[in-house]
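With positions in the sequence shown counted from 1, the corresponding number in our numbering is that position plus 2. Structure, as structure tokens:
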Amino acid sequence: MTDDSDSELARLKRPLLYLMSLLYVVAGVAHFLAPAPFERIVPRELPASRALVSLSGFAEVALGIGVLIPRSRRISAKGLILLLLAVFPANVNMAVRDVGANPLPERAEGLYDAALWIRLPLQGVLIAWAWWYARGDPGASA
3 MTDDSDSELA RLKRPLLYLM SLLYVVAGVA HFLAPAPFER IVPRELPASR
53 ALVSLSGFAE VALGIGVLIP RSRRISAKGL ILLLLAVFPA NVNMAVRDVG
103 ANPLPERAEG LYDAALWIRL PLQGVLIAWA WWYARGDPGA SA
């Protein structure tokens, strides 16, 4: 990367931190407001789907807030990485077993199915995003 692109990226780091936090807090709250869709994607081999959904929702909210606090940012970002790895089987389950709640009309079912599979490698993008904060650049402003 050039110095210009590095400084451009550095300017985006703080707003992207707020966006990441918001995404996790909103997703975590959704686990409590509407747990059924999340319960459906928990692999049936795992017990206590409601408890797992509540636990992951709590973790998303706590870690989403934690990344905003400078003292807890690195550990919270690492926690988000672990959380993303922990819920990956549910994402695979949703794609393989087609157990998600498809909000699209029947004619768009193929689009929904494609989105489920595209979501799997995007988990890597979310992990990289969290890693950006987990590594704790000493000169970073975020």
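All C-beta atoms in this analysis are idealised placements derived from N, C-alpha and C, irrespective of residue type, glycine included. Predicted, not measured: the structure shown is a model, and the values here were computed from it.
What does the Cβ neighbour count give for residue i, buried or exposed, with the cut at 16 atoms within 10 Å?
| i | result |
| --- | --- |
| Ser78 | buried |
| Tyr20 | exposed |
| Val28 | exposed |
| Ser9 | exposed |
| Val44 | buried |
| Val127 | exposed |
Please name the residue, chosen from the options, that lies closest to residue i on a Cα-to-Cα basis.
| i | options | result |
| --- | --- | --- |
| Ala53 | Val63, Leu65, Phe40 and Ala64 | Phe40 |
| Val31 | Val63, Phe90, Ile129 and Ile120 | Val63 |
| Phe60 | Leu18, His33 and Asn93 | His33 |
| Leu82 | Ile129, Gly138, Pro17 and Ala12 | Ile129 |
| Asp100 | Val89, Ala116 and Ser58 | Ala116 |
| Val55 | Lys80, Met22 and Val89 | Val89 |
| Arg46 | Leu118, Met96 and Tyr114 | Met96 |
Is residue i helix, strand or coil when you go by DSSP?
| i | result |
| --- | --- |
| Gly30 | helix |
| Ala36 | coil |
| Gly126 | helix |
| Arg13 | helix |
| Arg121 | helix |
In whole angstroms, give me the CA-to-CA distance for residue i and residue j.
| i | j | result |
| --- | --- | --- |
| Leu124 | Trp134 | 15 Å |
| Asn93 | Arg75 | 26 Å |
| Met3 | Val98 | At Met3, the pLDDT of 49 sits below 50, so the modelled position is not reliable and the matter cannot be decided from this model. |
| Gly66 | Gly112 | 32 Å |
| Ala12 | Leu25 | 20 Å |
| Leu14 | Trp131 | 12 Å |
| Leu70 | Arg16 | 9 Å |
| Leu122 | Leu48 | 20 Å |
| Pro91 | Arg137 | 25 Å |
| Ser23 | Gly68 | 8 Å |
| Ala50 | Ala36 | 16 Å |
| Lys80 | Leu57 | 17 Å |
| Ile120 | Leu86 | 15 Å |
Quiz item: Which ranges would you report for the alpha helix (DSSP H) in the stretch 41-115 if only whole runs of at least 4 residues count?
Solution: Scanning the stretch 41-115 from its first residue to its last, the whole alpha helix (DSSP H) runs of 4-plus residues come out as 51-68 and 75-99.
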